[in-house]
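Engineer:
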Amino acid sequence: MRRTALLTCATIALWAAPSRAAEDAALKTNLEAKTQTLLDAVAAGNKAPWHAAADPALIYVTENNEVLTKAALLDQTTPLPRGLAGHIQVTDYRLQRHGDAAVATYIADESLDYHGQLIRTKFRTTDTWRSTPAGWKLIGSMTLAVLDDPPAIALPAAKLAQYAGRYALTPDIHYSIRVDGNRLLGLRDGGKEVELEAEAADLFFVPGSPRSRKAFYRDASGRVTGFGDRREGHDIKWKRVS
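Numbering of the sequence shown is given in the numbering used here, commencing with residue 45 and proceeding in unit increments.
Now the structure itself:
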């Protein structure tokens, strides 16, 4: 009888697994479509879809680090100003269900016509949904901007040579910069050499790392004395030693 019971449980589990997978797939399709409807309402300032989908206790965090209630979010949902036209497409939508809750993450791919100039921006959003008697409601949302490298400019070799040298963070941690033709290369001791591209004079970035910059410092005579590893507006300061 014990063996029969085990076989029965195994059979039920095998039967239930595809059913749950189908339910989760259906939920993903449903919430992805609902999310697209919400984003379609942004440009027009249509509050109705947001009012219907959002839970009264919604916590909504914008890409500008604003923490909004449902009421505040609806208050900010207004049509785009004159001269602007935009559309947001949901891509890379992923969802995991956990009982009566579901967590989704996706890319909001925005195209904005800004007074005749096209701006393309991507955001990574993570939403939390809760199953209620009135259907699935959005209870939490957080958005981060997906950063791109800035446009690079070309600097003459003589200008690049001003940055070449050895820099120290501590007596044991160093960073070396050299010029190779028309390129500026940087290497932290024990690391991998990378190219430093100029965003502006005295301001460089490493391609593929758009969150950080190297901002070079100069003394009163114009000589480069060090640089700051700048991230989110804060500098870790390196001093030039040679």
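Cβ coordinates follow ideal geometry from the N, Cα and C atoms, glycine included. This structure is a prediction, so every number in the text was calculated from the model and none was measured.
In terms of DSSP beta bridges, what is H278 paired with?
Structural biologist: Looking at the DSSP assignment, H278 forms a beta bridge with R275.
Engineer: Is the Cβ-Cβ distance between E154 and Q133 less than 9 Å?
Structural biologist: Taking 9 Å as the Cβ cut-off, E154 and Q133 qualify as a contacting pair.
Engineer: Count the other CB atoms, across all protein chains shown, that sit within 10 Å of the CB of G143; report buried if there are 16 or more and exposed otherwise.
Structural biologist: So G143 ends up on the exposed side.
Engineer: Just grab the DSSP bridge partners of I221 for me.
Structural biologist: Looking at the DSSP assignment, I221 forms a beta bridge with G209, G230.
Engineer: Please list the terminal residues of the continuous beta strand (DSSP E) segment that includes L124.
Structural biologist: It is not in any beta strand (DSSP E) - L124 carries neither H nor E in the DSSP assignment.
Engineer: Would DSSP call A198 helix, strand or coil?
Structural biologist: Three-state DSSP puts A198 in coil, outside helix and strand.
Engineer: Are F248 and L228 closer than 9 Å when you measure CB to CB?
Structural biologist: Their beta carbons are under 9 Å apart, which means F248 touches L228 by this criterion.
Engineer: Write down the C-beta distance between T113 and L124 rounded to the nearest angstrom, noting that I regard them as a contact closer than 8 Å.
Structural biologist: Not a contact, Cβ separation roughly 23 Å.
Engineer: When the distance is taken between beta carbons, is W173 closer than 9 Å to V190?
Structural biologist: Going by C-beta atoms, V190 is not nearer than 9 Å to W173.
Engineer: Exposed or buried, what is K281 when buried is set at 16 or more other beta-carbons lying within 10 Å of its beta-carbon?
Structural biologist: So K281 counts as exposed.
Engineer: Shortest alpha-carbon distance to V223 belongs to which of D119, D157, E241, A212?
Structural biologist: V223 has its Cα closest to that of E241, out of D119, D157, E241, A212.
Engineer: Along the chain, where does the beta strand (DSSP E) containing A96 start, and where does it finish?
Structural biologist: First-last for A96: 92-97, but that is the alpha helix (DSSP H), not the beta strand (DSSP E).
Engineer: From which residue to which residue does the beta strand (DSSP E) around S185 run?
Structural biologist: 179-190 is the span of the beta strand (DSSP E), which, as asked, contains S185.
Engineer: So, helix, strand or coil for E243, using DSSP?
Structural biologist: Residue state, collapsed to three classes: strand.
Engineer: So, helix, strand or coil for K236, using DSSP?
Structural biologist: Correct three-state label for K236: coil.
Engineer: Taking all protein chains shown into account, do 16 or more other C-beta atoms lie within 10 angstroms of the C-beta of A92, making it buried, or fewer, making it exposed?
Structural biologist: The residue in question, A92, is exposed, as its Cβ has fewer than 16 Cβ neighbours within 10 Å.
Engineer: Give the C-beta separation of D192 and P251 to the nearest angstrom, bearing in mind that I take them to be a contact with Cβ-Cβ under 8 Å.
Structural biologist: Not confirmed; about 10 Å, so no contact.
Engineer: What's the C-alpha gap between S185 and E76?
Structural biologist: Looking at the two C-alpha atoms, the distance is approximately 14 Å.
Engineer: Please tell me whether W180 and K258 are closer than 9 Å, where the distance is taken between their beta carbons.
Structural biologist: Going by C-beta atoms, W180 is not nearer than 9 Å to K258.
Engineer: Can you give the Cα-Cα distance for R126 and H95, rounded to whole angstroms?
Structural biologist: Computed Cα separation, rounded: 24 Å.
Engineer: Which residue's Cα is closest to the Cα of R274: F167, Y261, I197, E107?
Structural biologist: For R274, the nearest C-alpha among the options comes from Y261.
Engineer: Identify whether D68 lies in helix, strand or coil by the three-state DSSP scheme.
Structural biologist: In the structure shown, D68 sits in a helix (DSSP, three-state: H, G or I).
Engineer: If you drop the 5 nearest sequence neighbours on each side, which residues of the same chain put their C-beta closer than 7 Å to that of A85?
Structural biologist: P93, W94, listed in sequence order.
Engineer: Is it buried or exposed for L128, if we count other Cβ within 10 angstroms and need 16 for buried?
Structural biologist: Exposed, by the Cβ-count rule.
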